[in-house]
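So that you can map any letter, position 46 of the sequence shown is 46 in the numbering used here, and since no number is skipped, the others follow by simple counting. Note that the Cβ used here is the ideal one computed from N, Cα and C, for glycine as well. Quantities reported herein were computed from a predicted structural model and do not represent experimental measurements.
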Amino acid sequence: MKRITLLFLSLFFVQFLCIAQNNKAPKGRLAIVADGNSPDPDDLGGTAVSIALLRATGLEDRLVHYSHSCDLVRVKKISEAAERERHALMQSSCEVTARRWGGFESLKFLDAKWKLEETIFDLKNAINASSKNDPLWIVEAGEPDIIGFALAAADPQKRQFVKVITHHPANDDAGDFYTWQQILDFGIEEVRIPDQNTFLKVPIEQFDWARDHKDPRVQWLWLIGKVAELDDVVKFQKGRYDCSDAGMILYWVTGATSGGLELGKVDDVKKILLNFIEKI
1 MKRITLLFLS LFFVQFLCIA QNNKAPKGRL AIVADGNSPD PDDLGGTAVS IALLRATGLE
61 DRLVHYSHSC DLVRVKKISE AAERERHALM QSSCEVTARR WGGFESLKFL DAKWKLEETI
121 FDLKNAINAS SKNDPLWIVE AGEPDIIGFA LAAADPQKRQ FVKVITHHPA NDDAGDFYTW
181 QQILDFGIEE VRIPDQNTFL KVPIEQFDWA RDHKDPRVQW LWLIGKVAEL DDVVKFQKGR
241 YDCSDAGMIL YWVTGATSGG LELGKVDDVK KILLNFIEKI
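If you want it as structure tokens, here you go:
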């Protein structure tokens, strides 16, 4: 019996050490606001990889808000039917990844457009729970409107403890209700990193390792990225695996403003995920 206990403790320690080596995140909690219902389908893969990275680094309990489909006004480039399809695909990317990778049982993944009031309320509460020693890092993986509505509804004294990570002006400047300057005017801290498309929007062959991996959790990441590549609304994703928004998660889990990877690459994602998969 003692040998079994020692073996169990040894395995637990190895798993803990593996996760700890990847976890260099700053203090505070994390919120992610993604789109995916806009013409660009990249958030399908970006969402799945983001969730997997948080689990693989043992940071799943630090994620206190995840909303998707934050593009609140449909543009003509995507039809009503295609947008409804995206809402369903984004919810699947969230829930399937979270269930298969585990650790997110207490988190509700919110459709921002279809559950607007609930989404704003949830993010507002996350902001209001913030303090100097427990800031809220918001990943802007889509238009800024949800972030703006939540900041406007939140306690003004809590906004100083909010940090918004962004990597692309296409998100910053796409708001229908808030400009990026208006977001800054709330007194939040802007954390800007380089365009993550540089190394995380790649020929899909660079993700063959995920397609061919024996673990279905890893295969799923490739599959949802392939769904985005097959999307028929836009043409610029053809032949590409795009998890660019997950680069902001990679930056956060590796240290954020204290030495985080500002230009993460596929190999960085692969190393973290496979180290977790192969040592549990």
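Boundaries for LYS271: no beta strand (DSSP E) harbours it, while the alpha helix (DSSP H) harbouring it runs 266 to 278, taken from the DSSP string.
Taking 8 angstroms as the cut-off, the beta carbon of GLN237 is found closer than this to the beta carbon of ASP42. Proximity to SER106 across ILE277, SER244, ALA56 and TYR66 peaks at TYR66, based on C-alpha coordinates. Residue environment for ARG159: buried (at least 16 other C-beta atoms within 10 angstroms of its C-beta). For the 8 angstroms CB-CB criterion, ASP245 and SER38 do not form a contact. Assignment of THR57 by DSSP, reduced to helix, strand and coil, places it in the coil class. Within the same chain, and ignoring the five residues on either side of ASP176 in sequence, the residues whose Cβ sits closer than 8 angstroms to its Cβ are LEU72, VAL73, GLU143 and ASP145. GLY45 is a Cβ neighbour of TYR241, given a cutoff of 8 angstroms.
According to the DSSP assignment, TYR251 belongs to no beta strand (DSSP E) but to the alpha helix (DSSP H) extending over 246 to 253. For a cut-off of 8 angstroms, the C-beta gap from VAL64 to ARG29 is around 5 angstroms, short enough to register as a contact. DSSP, reduced to helix, strand and coil, places VAL218 within a helical segment of the structure shown. Around the beta carbon of ALA34, 16 or more other beta carbons sit within 10 angstroms, so the residue counts as buried. Secondary structure at ARG74: coil, using DSSP grouped into helix, strand and coil.
The region 70 to 119 contains, as complete alpha helix (DSSP H) runs of 4+ residues, the segments 80 to 101 (chain order). The beta carbon of LEU184 is closer than 8 angstroms to those of GLU190 in its chain, skipping five residues each way along the sequence.
Between GLY36 and SER69 the beta-carbon gap is near 6 angstroms, inside 8 angstroms, which marks them as a contact. Following the DSSP letters along the chain, one finds PRO194 in no alpha helix (DSSP H), marked with neither H nor E. About 7 angstroms separates the Cβ atoms of LEU54 and ILE249, confirming a contact at the 8 angstroms cut-off. Ranked by Cα distance from PHE149, the options PRO203, GLU117 and GLY239 are led by GLU117. Around ALA82, the same chain offers VAL233 as residues with beta carbons nearer than 6 angstroms, after the five sequence neighbours per side are excluded. Beta-bridge partners assigned by DSSP to PRO203: ARG240. Going by C-alpha positions, GLU262 is about 6 angstroms away from ILE193.
In terms of CA proximity to ALA153, PHE121 leads the group ASP195, SER130, PHE121 and ALA170. A straight-line Cα-Cα distance of about 11 angstroms links GLN219 and ALA48. When rounded, the separation of the alpha-carbon atoms in GLU229 and GLY239 is 6 angstroms. Counted as a single uninterrupted DSSP element, the beta strand (DSSP E) harbouring ALA34 occupies residues 29 to 34.
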